[in-house]
Amino acid sequence: MYRFHESKVDTHLFMQLQDLTTVLSGNAKLQFENSYGSFVDITDNKITASRFWDKLDIETKTAGTKSDVLLRTLGTMMETHIPTMQTFKEDVSELMIPKFANQLITLFEDIRLEEMIRKNRPGTKQWFEKRHQFFQRYFQTQLQSNITRSYATDELFCMIYLLIYADGPDPSFPRVPQAQLDMLEKLKPYLYQVFEAKTTLDNTQLCLSIVRLIQATDYNDSIHEYFVFPIGHIEFYEKNTLFDELTRTDDVVNDDEQWLDEDNENEYFDETFSTWHRENKNENRKQNFLQFELEQGTKTNMMGGGARETEDADQAMAAVQGSSVQSKQQDYSDKETLSKQEEQQSGNSGSEYGKENEDAVMLIEKAEHPSLDDQEKYDQYVVEVDPYKRKLAKTIQLTLEHKRNFPRTELLFGRLSKKLLPIIIDESPRVFYKKEQESKEFDAVFTLLIDCSASMVNKMEETKRGVVLFHEVLKELRIPHEIIGFWEDANEVKENYQPNYLQYIHELNDSLYENNGAKIMQLEPQEDNRDGFSIRYITKQLMKRNEKNKFLLVFSDGEPAASGYDQNGILDTHQAVTEARKHHIDVIGMFLANGEIQEKNDTTMKNIYGKERIMIPHVEELPEHFTPLLKRLLLKAM
Numbered sequence: 045m046y047r048f049h050e051s052k053v054d055t056h057l058f059m060q061l062q063d064l065t066t067v068l069s070g071n072a073k074l075q076f077e078n079s080y081g082s083f084v085d086i087t088d089n090k091i092t093a094s095r096f097w098d099k100l101d102i103e104t105k106t107a108g109t110k111s112d113v114l115l116r117t118l119g120t121m122m123e124t125h126i127p128t129m130q131t132f133k134e135d136v137s138e139l140m141i142p143k144f145a146n147q148l149i150t151l152f153e154d155i156r157l158e159e160m161i162r163k164n165r166p167g168t169k170q171w172f173e174k175r176h177q178f179f180q181r182y183f184q185t186q187l188q189s190n191i192t193r194s195y196a197t198d199e200l201f202c203m204i205y206l207l208i209y210a211d212g213p214d215p216s217f218p219r220v221p222q223a224q225l226d227m228l229e230k231l232k233p234y235l236y237q238v239f240e241a242k243t244t245l246d247n248t249q250l251c252l253s254i255v256r257l258i259q260a261t262d263y264n265d266s267i268h269e270y271f272v273f274p275i276g277h278i279e280f281y282e283k284n285t286l287f288d289e290l291t292r293t294d295d296v297v298n299d300d301e302q303w304l305d306e307d308n309e310n311e312y313f314d315e316t317f318s319t320w321h322r323e324n325k326n327e328n329r330k331q332n333f334l335q336f337e338l339e340q341g342t343k344t345n346m347m348g349g350g351a352r353e354t355e356d357a358d359q360a361m362a363a364v365q366g367s368s369v370q371s372k373q374q375d376y377s378d379k380e381t382l383s384k385q386e387e388q389q390s391g392n393s394g395s396e397y398g399k400e401n402e403d404a405v406m407l408i409e410k411a412e413h414p415s416l417d418d419q420e421k422y423d424q425y426v427v428e429v430d431p432y433k434r435k436l437a438k439t440i441q442l443t444l445e446h447k448r449n450f451p452r453t454e455l456l457f458g459r460l461s462k463k464l465l466p467i468i469i470d471e472s473p474r475v476f477y478k479k480e481q482e483s484k485e486f487d488a489v490f491t492l493l494i495d496c497s498a499s500m501v502n503k504m505e506e507t508k509r510g511v512v513l514f515h516e517v518l519k520e521l522r523i524p525h526e527i528i529g530f531w532e533d534a535n536e537v538k539e540n541y542q543p544n545y546l547q548y549i550h551e552l553n554d555s556l557y558e559n560n561g562a563k564i565m566q567l568e569p570q571e572d573n574r575d576g577f578s579i580r581y582i583t584k585q586l587m588k589r590n591e592k593n594k595f596l597l598v599f600s601d602g603e604p605a606a607s608g609y610d611q612n613g614i615l616d617t618h619q620a621v622t623e624a625r626k627h628h629i630d631v632i633g634m635f636l637a638n639g640e641i642q643e644k645n646d647t648t649m650k651n652i653y654g655k656e657r658i659m660i661p662h663v664e665e666l667p668e669h670f671t672p673l674l675k676r677l678l679l680k681a682m
């Protein structure tokens, strides 16, 4: 069954949950996802938290999702007995109420695992308390709803939860039919044993007893699914726990052995060998002592006595070297290299532009020579933005003049000040000053990325006006800059091929004295937008520049949208922005709206760009919003 969820990713919380998943599971390959229900699936290398929490307040959402991750990593992965759960699932599949049974075992097992986690990690109590406070209110509401709709089995499940977590021994359930109350009385002896369960087997036996008792009274299966089974693809696992399953080493394919005479001295010799090998028998003791991680081969009784002797050069290649004796506190043998850790954190998974962009291909287009119509339109825009340009240029010039004339005082050498009193009263008098030298140029570079997706069709003309202001101001101040439109061609997308375009209007190596501004008029709405891919590509180009201050401004009208990019587009773009900022590139997002800015739009931009975002309700107001931003960035670059 497919369920559609229109959800906005809270990137800050998502990254926390991913880190929590990696650290608590001890497996860097496990990825966190929001899904329908919370479960762990090591076949697909993922741990999920329920989307149920997404529409709640941030405090409850944080506690709910983090408690989901705790239950699956520290609980299900480490403590749940897989064969017992496999047997249970097979048994309940033959019953009349399997959905109810799966929810019940999930609830019981989570209770057992939660107690263990609380005991071992007391700091998690606040999250579980918040979780239960919400669930108690939620199941109270669901109970009334199920009574109204006559969903007897769902009604009974709500009563079971509320009884287990009740403040007193005998909670009241008004409006509940007497038949349901009688059934709950029969179940109470079993339910009171839940907190005494020490193993998964205890819970499955308890759950089966309850399910068989309910089924004997002709209950239908549940309509709602409040909890999902906590282990995905459970039928494929062979070990006792999921953690053991992750560390499992499969036997070789051919199950044969060969006995070797260890009394005869084995011959060891130094020689360079290719890592390629052929599977054959160890005949006449001619095999060389190479070590491989083999899936096929003959087992022998050799213990690997051909260890390589250490060499002087080994010390230089050591990643971490202890100075004396081995210490657990300084044992880095299991740590990945920094490059691998960075790759995992950035979600690259083998692609330099991110996991979500493995099939994306960047194609470069150059703007054509502007037509007469383009030139006329550009000249008109220049006149319209001229007041903003002159005002901004004047502010910058005054600031430069003030900086040049404002002296630095209390120096040890320079020009002698008229204030000589410190010579008498101070042991180390500072009575000199210097004037600032005039800075003839800004040590900065700007890149302006313009979203050319189809949704920009009603905003592109006003966007061009803001881009003209950007170009004219930076050209007058002789600051290198580039103007680029980006989009993905949805019509050309194929399997393993997603063509993305960068349309260069003005390049960094273009002369500031040439009048290329009219090319801005060639920006037009196209198809989709894969923001994270374009930002990563531009980041790599900016990293090659020598300027001290690097600025990347992204004009967009909201959420990224491209082939296979809908679910993770916000997160991928946020990661691209974060990576750029790590390389000292200031990234600012500029949202263009057609009227009132909706809360979900602001949330989306916040999740991508954080505080460095500008929300523009009316596109025609772009110059008014753009001017103070440009002023702030230019002053920073001085």
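To convert, take the position in the sequence shown, counting from 1, and add 44; that gives our numbering.
All C-beta atoms in this analysis are idealised placements derived from N, C-alpha and C, irrespective of residue type, glycine included.
In terms of Cα proximity to residue 597, the closest of 405, 141, 640 and 635 is 635. Between residue 396 and residue 576, the gap from beta carbon to beta carbon reaches 9 Å or more.
Annotated three-state conformation of residue 281 is coil, per DSSP.
Distances from the CA of residue 513 to each of 426, 420 and 588 were compared; the closest alpha carbon is that of 426.
Annotated three-state conformation of residue 147 is helix, per DSSP. With distances taken between CA atoms, residue 174 lies nearest to 209 out of 191, 199, 146 and 209.
Counting along the chain, the unbroken beta strand (DSSP E) around residue 77 starts and ends at 75-79.
Counting the other CB atoms within 10 Å of its CB gives residue 432 a total of 16 or more, which places it among the buried residues. Rounded to the nearest angstrom, the gap between the Cα atoms of residue 488 and residue 588 is 13 Å. A straight-line Cα-Cα distance of about 55 Å links residue 255 and residue 624.
For residue 657, there is no enclosing alpha helix (DSSP H); the enclosing beta strand (DSSP E) covers residues 657-660. Taking a 10 Å sphere around the C-beta of residue 590, we find fewer than 16 other C-beta atoms and assign the residue as exposed.
Where residue 410 is concerned, the enclosing beta strand (DSSP E) starts and stops at 404-410. For the region 494-525, there is no continuous beta strand (DSSP E) assignment of 3+ residues that stays within its boundaries. Per DSSP, reduced to three states, the secondary structure at residue 602 is coil, with no helix or strand assignment. DSSP places residue 673 in the uninterrupted alpha helix (DSSP H) bounded by 666-681. A residue is called buried once 16 or more other Cβ atoms fall within 10 Å of its Cβ, and residue 212, having fewer, is exposed. The beta carbons of residue 564 and residue 508 sit closer together than 9 Å.
By the CB criterion at 9 Å, residue 533 and residue 544 fall inside the cutoff. Close CB contacts of residue 504 within its chain, under the 6 Å cut and outside five residues either way in sequence, are with 569 (chain order). The alpha helix (DSSP H) runs of length 4 or more contained entirely in the region 549-626 are, from start to end of the chain, 575-587 and 613-626. In this structure, residue 528 lies near residue 547, with their beta-carbon atoms less than 9 Å apart. Of the residues assessed, residue 239 falls on the exposed side of the cut-off, its CB having fewer than 16 other CB atoms within 10 angstroms. Contact check for residue 153 and residue 244: beta-carbon distance about 6 Å, within the 8 Å limit, so the pair qualifies.
Measuring C-alpha to C-alpha distances from residue 519 to each of 603, 674, 661 and 476 identifies 674 as the nearest.
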